[in-house]
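Residue numbers (the working numbering), protein chains in the order written: chain A, 1038 to 1343; chain B, 2 to 707.
Note that beta-carbon positions come from the ideal geometry of N, C-alpha and C, so glycine has one too.
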């Protein structure tokens, strides 16, 4: 397995055929790390890293006097900082996440929910592997299940169990749930939101901003099906809302494609701009996006947190 | 706008198919669970109106395509003001060519076919514009213009047309078309139109005349020919086909057998009453069975009285075409046949003189009271004026004939006279081969068998010939027992061999030359040529030969004419005045005498109606002739306009159109004013199809990148 090209390994189509979710998560992360080759991260515990020459005006707190005694030169000890990161993954399991626009396609893609579950599992594995505490909360119009953040190895199994149980079905209220979660999370940490964010944009942004207000770092994976982005259907279709909230639309999609794509682009641009303004990492994904994109986004965020 | 094939308009129901498909297609949508429906809905609402418009447009386009195709198939024509605009208002020179031949005299419920043709011609006139110029031509065996010049359509033409009459003559449509083109050449308009109103009776389109008409049409610019068939309805027609008289001399006191053939074109057998009238008096009546589409025959026995021309009329019950229900025939009864015997100057006398035996055979008692009045004249000195007075001329030795008399003799035969030639002498044979026959007929005398050689007998080859008809076998055997020496073997490749020498070669050959007939014998009638003159069969043989020739000659004796022909009868010089003609309607008109040519003829004038015409010379009946309608007009077989047009073979040079069915004025309006516009509809359908393709590609089909 290790000899396989990482890009192919992280392809959602390939990953989805691997089997149980824990195995998939491990394969994802290991494959991803092998693909990184030389990782710039050396670990996150309090440990000595190197010496460097003392510069005048610096605090003398970290001058190694023993070295001075031996060499008659001033050297400063440099340590890696311990992060003590607490990450919470908020996974949207509302009805729209399970919608599959092309169920009869020759090679069916993952649903947004399946993709998101795998992504959540891979992230959890990665957190645990780096000794960070990770927790999970699933939600639709309210919070459904919560796994509080822990950094033990058993935590991964708890999370994977919850992911395995997660079923989509009810309506969404992303904004309200994010606000609620923001209120309940008093400890500062990393919040990873995985959702299609199909809700009122203002409400969603308000929820995300609430996390920032509470000094959380926020990483948003906006997961959509590719057809939800381009509306590239070649048959007349009746589109219905899987949550039953919006009246169905019967149309010939190719007439609407351009306008629709424009609307989606505007929506994602709004989210991206608003998130950017509030230092929220916004990662737009589609279910055919290789997982490494998502994982790289996380690592960028993690680097910033450090 | 009118339609030539309105039946196709039923196809307009197919316009409902797109509507059906329109709704069926809408139900074929796929149900798709779709999250970001909130972004789709406002877009869709914006697009909905345009899409519905597109769909409606598509539906209308498809309906329009079907409607266009159906309308095009129904062959629409543009009429009225629009059509006139299309024609740019150009006027036409128009010739109405109306068939006035015999077959047009068939009766229908609305009068004769010709009457209907006149009505239809009037209707066509009513459709012509005030600026058009019109000429009306009647045609049968010859064309007859009502007016020599073109006139504007109006009362004068209509009045003249109303008074026009058909004639029981043969139809000659090619001649009519030729005359119509002549007339059009005098026209002044750019467009030229010929309307042929006829039953299109089946005729043999004579290739010479057809070539001419085709050339004329090829040279004629912008000429349209419209064919309007009239009176082609089928009915059962029965007719007297022919009357056959005995092919022998008919003499006073004999009983002649009048053989009448009648026919019918119905599909069931019929029995028809047949009446024989002689000089207006009924002398016989019978019923004849006629098989389906076949012929029946009946023989009337008729005892012959005095020597004169008997006018026979055979009559069937009149049907819708009664012209052929009567048949006229002349039966000439004679007491003595004038025979001119031309003899040589150098002929031997006594038993060696062939003329002697011939004279004796024709007038055995020598009292001039036999069946033949023989006039013997020297070949080199006879009066050529005597030729037409003799239905039979016998040449026993023509060596001294001379060039002028030779030419007169040939003219006599060519004109219908008959000639009996004997050639037993080698000098006579040489003359016949080199002078008389050479350059006139293909018959030649072959090998000469000299008198010093052994005898040869005769063989009868044509026992059914009228000359031998009715003779007992013993009599015929007697003839074959005659021994001949010194004779010519005749070439048998020409004419009909009646007698042959036992050693080969023809002994008696019958030959048609011009309108006349020659009987050539390779032997002569002198005792030096054998013992034939002593044979008991000699006299009957000679009398039968001469009698036969007297009946088949057509010179003075031509008695059968067709309506339309100019009747003429050869008359003797001394009886040339005064001459009148007793017409079939019992009125008289003067006959003219043509003495400028020989023999002189009495011209009885053109025969307008069938019947018996009698020439009276000096208030005495001299001759009767019978006039019948052309037999070809009795065959009720008609050509379709398409076949007639194909027969004309005008190709694409001339627009030949059939004006069939319905009211003629409608057809004329369609053909003349009605410009065919089905191509417009096909073109429109094609364009609409293109637009439909574009719209449906835009509306119904996703873009290729989708």
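message: Quick check: what's the CA-CA separation for residue 100 of chain B versus residue 115 of chain B?
response: 7 Å
Sheet register partners of residue 591 of chain B (DSSP bridge): B:581
- prompt: Given a limit of 8 Å on CB to CB distance, which residues of the region 30 to 50 of chain B reach chain A?
  reply: 30, 31, 32, 33, 34, 35, 36, 37, 38, 39, 40, 41, 42, 43, 44, 45, 47, 48, 49
message: Looking at the secondary structure, which residues open and close the alpha helix (DSSP H) in which residue 334 of chain B lies?
response: Where residue 334 of chain B is concerned, there is no enclosing alpha helix (DSSP H), given that its DSSP letter is neither H nor E.
query: Which class does residue 90 of chain B belong to by DSSP, given the choice of helix, strand or coil?
result: Residue placement at residue 90 of chain B cannot be trusted, given a pLDDT of 48 that sits under 50; the coordinates are not used to answer.
task: Along the alpha helix (DSSP H) that carries residue 1214 of chain A, what are the first and last residues, could you check?
output: 1211 to 1221
query: What in chain B is Cβ-close to residue 1293 of chain A, meaning under 8 Å?
result: 41, 44, 45, 48
- prompt: Expressed to the nearest angstrom, what Euclidean distance is found between the alpha-carbon atoms of residue 684 of chain B and residue 17 of chain B?
  reply: 22 Å
task: Determine, using beta carbons only, whether residue 1095 of chain A comes closer than 7 Å to chain E.
output: Looking for chain E here will not work: the only protein chains present are A and B.
query: How many Å lie between residue 476 of chain B and residue 504 of chain B at the Cα?
result: 21 Å
field: Bridge partner(s) assigned by DSSP for residue 563 of chain B
entry: B:629
- request: May I have the straight-line CA-CA distance separating residue 640 of chain B from residue 315 of chain B, to the nearest angstrom?
  value: 30 Å
- request: Taking residue 182 of chain B as the reference, give the member of B:98, B:611, B:283 with the closest Cα.
  value: B:98
- prompt: Who are the near neighbours of residue 1174 of chain A in its chain, counting only those whose CB is closer than 6 Å to its CB and skipping five residues on each side?
  reply: 1127, 1180, 1183
message: Can you list, in chain order, the residues of its chain with a C-beta nearer than 6 Å to that of residue 173 of chain B? Leave out the 5 residues immediately preceding and following it.
response: 142
message: Please report whether the beta-carbon of residue 1112 of chain A lies at a distance below 7 Å from any beta-carbon of chain B.
response: no
message: Given this structure, state the Cα-to-Cα distance separating residue 520 of chain B from residue 344 of chain B, to the nearest angstrom.
response: 17 Å
query: Is the region 263 to 273 of chain B touching the region 281 to 297 of chain B in the sense that three or more CB pairs, one from each, lie closer than 8 Å?
result: yes
- prompt: Given a threshold of 16 other Cβ atoms within 10 Å of its Cβ, counted over all protein chains shown, does residue 572 of chain B qualify as buried or as exposed?
  reply: buried
field: Classification of residue 678 of chain B by the beta-carbon crowding that lies within 10 angstroms, buried from 16 upward
entry: buried
query: With a cut-off of 7 Å, does the C-beta of residue 1318 of chain A fall near any C-beta of chain B?
result: no
- prompt: Just the Cα atoms here: how many angstroms apart are residue 48 of chain B and residue 38 of chain B?
  reply: 15 Å
field: Collapsed DSSP secondary structure at residue 450 of chain B in the structure displayed
entry: strand
- request: Under 7 Å Cβ to Cβ from residue 430 of chain B, same chain only, skipping five residues before and after it: list those, please.
  value: 424, 446, 449, 489
message: Using 8 Å for Cβ pairs, my map puts residue 538 of chain B next to residue 480 of chain B. What's the rounded Cβ distance?
response: 4 Å
message: I'd like the ranges of any beta strand (DSSP E) spanning at least 3 consecutive residues and lying wholly in the region 236 to 300 of chain B.
response: 239 to 245, 256 to 265, 271 to 279, 282 to 291
message: Among A:1168, A:1137, A:1242, A:1276, whose alpha-carbon lies nearest the alpha-carbon of residue 1306 of chain A?
response: A:1242
- request: Using the Cα positions of residue 359 of chain B and residue 405 of chain B, report the straight-line distance between them to the nearest angstrom.
  value: 25 Å
Short Cβ contact (7 Å threshold) for residue 164 of chain B with residue 140 of chain B: no
Residue 408 of chain B burial status per 10 Å Cβ neighbour count (16 or more: buried): exposed
message: I want to verify the contact list: residues of chain B whose CB lies under 9 Å from the CB of residue 1133 of chain A, in sequence order.
response: 34, 35, 36, 37, 38
message: Counting beta carbon pairs with one atom in the region 1260 to 1271 of chain A and one in the region 1282 to 1299 of chain A, are three or more of them shorter than 8 Å?
response: yes
- prompt: Considering only C-alpha positions, which residue in the set B:356, B:362, B:363 is nearest to residue 378 of chain B?
  reply: B:356
message: Please report whether the beta-carbon of residue 1146 of chain A lies at a distance below 7 Å from any beta-carbon of chain B.
response: no
- request: Taking residue 1164 of chain A and residue 1124 of chain A to be in contact with their CB atoms under 8 Å, please state how far apart those CB atoms are, rounded to whole angstroms.
  value: 5 Å
query: residue 495 of chain B bridges to which residues according to DSSP?
result: For residue 495 of chain B, which the question treats as bridged, DSSP gives no partner whatsoever.
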